[in-house]
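Enquirer: Going line by line, the protein sequences match chains A and B. What the first sequence shows, in this note's numbering, is residues 572 to 664, in sequence order. What the second sequence shows, in this note's numbering, is residues 531 to 913, in sequence order. Ideal Cβ placement from N, Cα and C applies to all residues, glycine included.
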Amino acid sequence: MKPLLAWVGLVAVTGLAGAASPNVFSVHDLDRDGTLSRAEYEALRAHCAERRGERCKAALLPFATLDADQDGRIDEAELLDALGHRHRGGRGW
Amino acid sequence: MDIASRLGRRRFLKFCAVTASLLALPPGAARLLAEGLRAGRRLPVIWLSFQACTGCTESLTRSAAPSMESLLFEWLSLDYHHTLQAASGEAAEAAREATLRAHAGELLLVVDGSVPTALAGACSTIAGEDNLSLLRRCVEAAQAVLAVGTCAAFGGLPAAAPNPTGALGVGEMMERGLVPRRPLVNLPGCPPIPEVMSAALAHRVVFGGFPPLDDNGRPLAFYGETVHERCSRRGHFEAGRFAKTFDDDGARTGWCLLELGCKGPLTRNACSSVRWNGVGNPVESGHPCLGCAEPGFWDRGGFYQALAPAALPVADKKATTVERGARVYDSQCVYCHDADPAQLRALPEQVPELLRSDRIRAHRFPLEEDDLRALVDYLKEKR
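1) So within the segment 613-698 of chain B, which uninterrupted alpha helix (DSSP H) runs reach at least 4 residues, ignoring any that extend past its ends?
2) Does chain B have any CB closer than 8 Å to the CB of A:L650?
3) Ends of the beta strand (DSSP E) at B:P574?
4) Kindly give me the distance between the Cβ atoms of B:P749 and B:F740, rounded to whole angstroms, as I take these residues to be in contact under 8 Å.
5) Does the separation of the CB atoms of B:R913 and B:A872 fall below 8 Å?
6) Enumerate in chain order the residues of its own chain whose CB-to-CB distance from B:A935 is below 7 Å, with the five nearest sequence positions on each side excluded.
7) Return the CA-CA distance between A:A614 and B:E705, expressed in angstroms with no decimal places.
8) For B:N811 and A:A639, what's the separation of their Cα atoms in angstroms?
9) Among the residues of its own chain, which have a CB less than 7 Å from the CB of A:R609, if the five just before and after it don't count?
10) Following the continuous beta strand (DSSP E) through A:L615, name the residue where it begins and the one where it ends.
11) Near B:L743, which residues of its chain fall below 7 Å by C-beta distance, leaving aside the five closest residues on each side in sequence?
12) Here's a check: name, in chain order, each residue in its chain whose Cβ is nearer than 7 Å to the Cβ of B:G794, leaving out the five neighbours to either side.
13) Return the residue from the list B:T851, B:D609, B:H766 that minimises the CA-CA distance to B:A622.
14) Is the distance from the Cβ of B:A682 to the Cβ of B:V700 below 8 Å?
15) Is there a Cβ of chain B sitting closer than 8 Å to that of A:L601, yes or no?
16) Have a look at the DSSP bridge pairing and note the partners of B:P749.
17) Tell me whether the segment 765-772 of chain B and the segment 627-639 of chain B touch, counting them as touching only if at least three CB pairs, one residue from each stretch, are closer than 8 Å.
18) Can you find a C-beta in chain B that's less than 8 Å from the C-beta of A:T606?
19) Does A:R644 have its Cβ less than 8 Å from a Cβ in chain B?
20) Using a Cβ-Cβ distance cut-off of 8 Å, determine whether B:Y865 contacts chain A.
21) Going by alpha carbons, who is nearest to B:R854 out of B:S815, B:G826, B:D900, B:V864?
22) Report buried or exposed for B:T647, applying the criterion of at least 16 other Cβ atoms within 10 angstroms of its Cβ.
23) Alpha helix (DSSP H) containing B:D779: first to last residue?
24) So which residues on chain A does B:S509 lean against when the C-beta distance must stay under 9 Å?
25) Pairing CB atoms from the segment 675-690 of chain B with CB atoms from the segment 618-633 of chain B, are three or more of them under 8 Å?
26) I need the boundaries of the beta strand (DSSP E) containing A:R644, first residue and last residue.
27) Write down the C-beta distance between B:S803 and B:P721 rounded to the nearest angstrom, noting that I regard them as a contact closer than 8 Å.
28) Please confirm whether B:Q880 has its beta-carbon closer than 8 Å to some beta-carbon of chain A.
29) Within 8 Å of any Cβ in chain A, is that where the Cβ of B:A869 sits?
30) Output the distance between the C-alpha atoms of B:Q835 and B:L842, rounded to the nearest integer angstrom.
31) I think B:G685 touches B:L698, with their Cβ atoms under 8 Å apart; what is that distance to the nearest whole Å?
Structural data, given as structure tokens:
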């Protein structure tokens with residue numbers, strides 16, 4: 572029983588902490604570290620293709636475009652910067 | 531010392547990851563690319579320039595870090611390139627002939643510039659040999675050919691009417707039987723994007739073939755979409771906001787350049803997604819797309835002549851509000867929310883208020899009112 576209770580407690584704490592974390596910006600951030608890794612982004616692409624078809628997948632920007640500092644992870648600022656660049660003709664907002 | 535050691539392991543792996551991503555290769559391909567390039571087999575290459583402005587070479591050698599030409603030279607043995615090589619005159623020609631003999635059937639031939647076929651080839655000669663004769667001998671010894679730039683791919687500017695030199699691209703010369711047939715990839719653009727060149731070369735070196743091509747022999751990974759489809763000004767096109775002159779408020783604000791002659795809707799190239807040196811492209815710099823990656827672009831009308839409405843993609847004319855909402859969701863929302871809009875927790879009618887509230891960091895993004903309305907309609911339909 573004790574291991575079960577410990578597991579339930581861990582899940583609850585992890586879940587609450589994750590939900591309240593100011594760093595998590597995407598439901599696709601599976602490890603909840605505040606960034607999207609290449610693997611998480613590939614999973615996002617696969618998810619889009621599965622749920623919405625290839626058109627949705629094709630609309631996604633390439634990982635290399637989003638990962639401006641080339642550190643292998645997309646953070647929130649990089650995502651906003653890339654979307655803003657795309658939306659406002661490179662002028663930001 | 532292998533390529534990874536010379537370039538730095540981190541830089542090398544980044545290059546492989548970016549190249550695999552650009553080529554839309556499956557997961558794990560970056561590792562295969564790294565292993566293939568690290569294997570150290572340097573492919574012999576002869577690069578021929580004919581009726582060209584040297585812009586293609588300039589594009590390649592002036593690319594940003596990681597320097598593409600440094601990477602290319604590590605896995606290729608560039609045995610002849612009359613702009614870049616140190617040797618000149620008879621020594622340069624001797625180097626090319628030695629490569630042709632030593633690597634017949636296995637070398638890669640890169641061509642930039644179109645080839646004059648009129649006047650028995652008298653329009654352009656190198657070391658006394660006309661361009662067509664030189665190309666024919668080199669293609670004969672090649673395992674495959676890369677036509678780099680619009681001139682080599684489709685004839686380009688030298689082939690513009692009335693085409694006094696009888697200029698042709700490599701593909702058409704193969705079609706006409708003027709040179710032997712070999713596997714050919716066209717990488718048009720004036721100039722082509724450096725990453726497109728390096729990715730096609732890396733694919734050939736590692737996998738022994740070219741990536742999937744379209745009807746014009748261009749890699750689908752780079753030429754599968756139009757410049758318009760991923761254009762940073764696309765939102766303004768959708769909203770019907772067009773710059774009327776180059777110095778009006780619309781042009782300064784980044785509105786669509788369609789009425790100033792942009793050929794983006796009919797031009798397939800990766801300018802909007804790859805960008806030059808990762809920084810920008812002509813449209814983002816305020817100039818309409820000239821359509822330089824398309825066959826015959828010089829003869830398709832004035833650069834500043836607006837496309838006829840009938841020439842625009844049908845899908846854009848018939849886009850419904852719901853389709854527009856779907857585009858907004860696909861281009862903005864799926865990065866953070868479930869790809870299935872039905873899973874969105876907020877009610878559709880709450881979305882505009884939430885987006886305008888500035889309470890959520892990632893929503894500090896001013897969608898146009900028309901986009902917002904379209905998004906709400908789309909979300910309602912999907913509930």
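Expert: Let me lay it out:
1) 619-632, 661-671, 680-684
2) Your numbering for residue 650 of chain A matches position 79 in the first sequence. Chain B contact via Cβ: present.
3) Position 44 of the second sequence, counted from the first residue, corresponds to residue 574 of chain B. B:P574 -> beta strand (DSSP E) spans 573-579.
4) In the second sequence, residue 749 of chain B corresponds to position 219, counting from 1. In the second sequence, residue 740 of chain B corresponds to position 210, counting from 1. Correct: roughly 7 Å between the Cβ atoms.
5) Locating residue 913 of chain B in the second sequence gives position 383, where the first residue counts as 1. Locating residue 872 of chain B in the second sequence gives position 342, where the first residue counts as 1. Contact annotation: B:R913 and B:A872 have beta-carbon atoms nearer than 8 Å.
6) Outside the displayed span of chain B (531 to 913) sits residue 935 of chain B, for which this structure offers no information.
7) The count along the first sequence starts at 1 and reaches residue 614 of chain A at position 43. The count along the second sequence starts at 1 and reaches residue 705 of chain B at position 175. So the two alpha carbons sit approximately 43 Å from each other.
8) If you number the second sequence from 1, residue 811 of chain B lands on position 281. If you number the first sequence from 1, residue 639 of chain A lands on position 68. Taking the straight line from one Cα to the other gives about 17 Å.
9) The sequence position of residue 609 of chain A within the first sequence is 38, counting from 1. Answer for A:R609: F634, G643, listed in chain order.
10) Counted from its first residue, the first sequence places residue 615 of chain A at position 44. The continuous stretches of beta strand (DSSP E) do not include A:L615, which lies in the alpha helix (DSSP H) extending over residues 609-623.
11) Residue mapping note: residue 743 of chain B aligns to position 213 of the second sequence, counting from 1. These residues qualify, in order along the chain: V715, P749, L750.
12) The residue you call residue 794 of chain B lines up with position 264 of the second sequence. T756, V757, H758, C761, V813, C819, listed in sequence order.
13) Taking the first residue of the second sequence as position 1, residue 622 of chain B is located at position 92. The shortest Cα separation from B:A622 among B:T851, B:D609, B:H766 belongs to B:D609.
14) Counted from its first residue, the second sequence places residue 682 of chain B at position 152. Counted from its first residue, the second sequence places residue 700 of chain B at position 170. Yes. Within cutoff.
15) Working through the first sequence from its first residue, we reach residue 601 of chain A at position 30. By this cut-off, A:L601 is not an interface position.
16) Taking the second sequence and counting its residues from 1, the one referred to as residue 749 of chain B is at position 219. DSSP lists B:L743 as partners of B:P749.
17) no
18) One-based indexing of the first sequence puts residue 606 of chain A at position 35. A:T606 does not count as touching chain B.
19) Here residue 644 of chain A is taken as the residue at index 73 of the first sequence, counted from 1. Not one chain B Cβ lies under 8 Å of A:R644.
20) Counting from one through the second sequence, the residue named residue 865 of chain B turns up at place 335. Yes, contact with chain A.
21) The sequence position of residue 854 of chain B within the second sequence is 324, counting from 1. For the residues B:S815, B:G826, B:D900, B:V864, the minimum Cα distance to B:R854 belongs to B:D900.
22) Within the second sequence, numbered from 1, the residue matching residue 647 of chain B stands at position 117. Looking at its Cβ environment, which holds 16 or more other Cβ atoms inside 10 Å, B:T647 is buried.
23) As a position in the second sequence, residue 779 of chain B is number 249, starting the count at 1. 779-783 is the span of the alpha helix (DSSP H), which, as asked, contains B:D779.
24) What is shown of chain B runs 531 to 913, which leaves residue 509 of chain B out entirely.
25) no
26) As a first step, residue 644 of chain A must be located in the first sequence, where it is residue number 73. Per DSSP, A:R644 belongs to the beta strand (DSSP E) from 644-646.
27) As a first step, residue 803 of chain B must be located in the second sequence, where it is residue number 273. As a first step, residue 721 of chain B must be located in the second sequence, where it is residue number 191. Their Cβ separation, rounded to whole angstroms, is 17 Å, which puts B:S803 and B:P721 out of contact at 8 Å.
28) Residue 880 of chain B sits at position 350 when you count from the first residue of the second sequence. No, B:Q880 lies away from the interface with chain A (no Cβ there is under 8 Å from its Cβ).
29) Mapped onto the second sequence, residue 869 of chain B falls at position 339. Yes, B:A869 lies at the interface with chain A (some Cβ there is under 8 Å from its Cβ).
30) Looking up residue 835 of chain B in the second sequence gives position 305. Looking up residue 842 of chain B in the second sequence gives position 312. If you take the alpha carbons of B:Q835 and B:L842, they lie about 14 Å apart.
31) If you number the second sequence from 1, residue 685 of chain B lands on position 155. If you number the second sequence from 1, residue 698 of chain B lands on position 168. So it is a contact: roughly 6 Å between Cβ atoms.
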